[in-house]
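Written below as structure tokens is the structure these notes are about.
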Amino acid sequence: MTVGVSIKELVSARYSELTEGLQQAADYVVAHPIDVATQSLRSVAASSGMSPTTFSRLSRALGLENHEEVRNLCRQALTRQEVSFADKARDLQSAAQEASGLGALFFQHAATNLRNIEDLTQSLDVDKTVRVVERLAEARRVLLLGSTTSHAVAKYLEEMASWISDRWQIVDEGGASMSRAASTATSDDVFVLISKSLFVAAPIRAARLAAERGAYVVVITGSHTCPALPFASEYFVLSTDSTHFFPSYTPTIVLIEAIMSMLAARLGAEAEDRIKQTEAGIRSLGFYWE
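Add 1 to the 1-based position in the sequence shown for the working numbering, that's all there is to it.
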């Protein structure tokens with residue numbers, strides 16, 4: 002069995018290679034890890050409306066020997082979450098039970114996002130994150146792609162990066178702007194795409210064009226079905242679970258803030274000098290309330 006890889010990571014890496022039927026089985030596994038971990042193959046097949054043979058074929062397509070190894074990966078994910086999150090979840094659930102009306106929604110939302118962050122800390126490949134930081138540090142330019150809410154998150158990333166580097170730029174949401182940015186990409190450039198379901202086509206197409214031109218493409222998404230994964234140099238599939246009508250960006254914010262901290266440490270004196278210069282310039286303009 003693949004060691005140190007979560008079921009979500011394994012499915013994400015192989016998803017584009019699967020047939021439509023196996024993709025449906027993979028979707029079910031990712032969406033129902035508790036059922037897969039605790040029920041027999043026949044029961045999972047009956048619940049999903051697919052045949053046991055389909056799930057057996059899926060396990061082999063994922064590079065595993067049999068369905069039991071899929072079950073073990075699902076069990077491992079559940080065990081990590083239960084052990085590390087149990088105390089926090091118990092406290093918040095108790096608070097939610099004691100609260101009433103709208104107040105209870107706060108505790109439910111907080112508990113969900115703690116689980117999201119816990120999933121990030123347990124599943125994050127730190128070596129991969131370091132590789133990404135190294136490429137960001139060495140890049141000729143870093144271009145940020147995203148639409149709708151993801152564009153706003155990318156804007157926050159650009160704002161943080163501007164304090165330590167002058168090579169970062171967010172690309173306007175318009176298709177023409179994205180096309181121009183991608184068409185001039187080189188192997189010295191890094192493109193960071195933030196794309197959550199429903200997937201907006203323009204930034205994904207721009208990232209694909211940049212990848213075809215040799216750029217290093219980092220994808221941050223919330224689903225193994227993201228169309229950008231097949232051409233990504235590196236990618237992060239983060240939980241977006243939420244108790245309300247909108248997907249959560251909390252793990253994405255945690256990740257990009259951590260990457261910025263790592264990049265600042267990697268750049269060292271260069272980042273420190275730029276922060277001092279930026280802050281001095283802002284203060285000289287009377288920007289802050291003092």
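Don't be surprised by glycine CBs; every beta carbon is placed ideally from N, CA and C.
Computed from a predicted structure; not experimentally measured.
Exercise for the section: Work out the CA separation of D120 and K9 for me, nearest whole Å. Expected result: 11 Å
Exercise for the section: For the stretch 162-182 and the stretch 217-228, state whether three or more C-beta atom pairs, one from each stretch, are separated by less than 8 Å. Expected result: no
Practice task
Determine the DSSP secondary structure at T130, reduced to helix, strand or coil.
Solution key: helix
Practice task
Go ahead and pull the three-state DSSP assignment for R61.
Solution key: helix
Handout entry: Local Cβ density within 10 Å of H68, reported as buried at 16 or more and exposed below that
Key = buried
Practice task
Determine the DSSP secondary structure at L115, reduced to helix, strand or coil.
Solution key: helix
Problem - Assigned exposure category for E280 - 16 Cβ within 10 Å defines buried - result: exposed
Practice task
Answer with buried or exposed for D274, where buried requires no fewer than 16 other C-beta atoms within 10 angstroms of its C-beta.
Solution key: exposed
Problem - Span of the beta strand (DSSP E), counted from its first residue to its last, around Q170 - result: W169 to I171
Problem - Distance between V71 and S50 (C-alpha atoms, nearest Å) - result: Position check: residue 50 holds Gly in this sequence, whereas Ser was assumed. One C-alpha to the other measures close to 18 Å.
Problem - Contact under 8 Å by Cβ, A212 with V219 - result: no
Exercise for the section: With DSSP as the reference, label D190 as helix, strand or coil. Expected result: strand
Exercise for the section: Find the nearest neighbour of T253 within the set T20, T187 and V238, judged by alpha-carbon distance. Expected result: V238
Practice task
Determine the burial state of Q24: buried for a count of at least 16 other Cβ atoms within 10 Å of its Cβ, exposed for fewer.
Solution key: buried
Problem - Given Q293 as reference, the closest of F200, S196, L137 and S17 once Cα atoms are compared - result: What is shown of the chain runs 2 to 291, which leaves residue 293 out entirely.
Practice task
Tell me whether R142 sits in a helix, a strand or coil according to DSSP, three-state version.
Solution key: strand
Exercise for the section: Pull up the CB-CB distance for D242 and N117, whole angstroms please, since I reckon it's below 8 Å. Expected result: 6 Å
Handout entry: Of the residues H33, F247, S285 and F288, the one placed nearest A78, counting alpha carbons only
Key = H33
Exercise for the section: Round the Cβ separation of V133 and E271 to the nearest angstrom and send it over; I've been treating them as touching at under 8 Å. Expected result: 18 Å between Cβ atoms; not a contact.
Practice task
Could you check what DSSP says for E258 in three-state terms: helix, strand or coil?
Solution key: helix
Practice task
With a cut-off of 8 Å on the beta carbons, I'd call A216 and V191 a contact; round off their distance for me.
Solution key: 7 Å
Handout entry: Whole-angstrom distance between T222 and L74, CA atom to CA atom
Key = 21 Å
Problem - In DSSP terms, what T222 is bridged to - result: S196 and V238
Exercise for the section: Tell me, please, which residues DSSP counts as bridged to Y217. Expected result: V191
Problem - Cutoff 6 Å; reference Q210; Cβ partners in own chain excluding five residues on either side - result: Note that residue 210 corresponds to Leu in the displayed sequence, not to Gln. Excluding positions up to five away in sequence, the list reads A183.
Exercise for the section: Figure out for me which residue from S57, A111 and L11 has the closest Cα to the Cα of G22. Expected result: S57
Handout entry: Distance, V143 Cα to F107 Cα
Key = 37 Å
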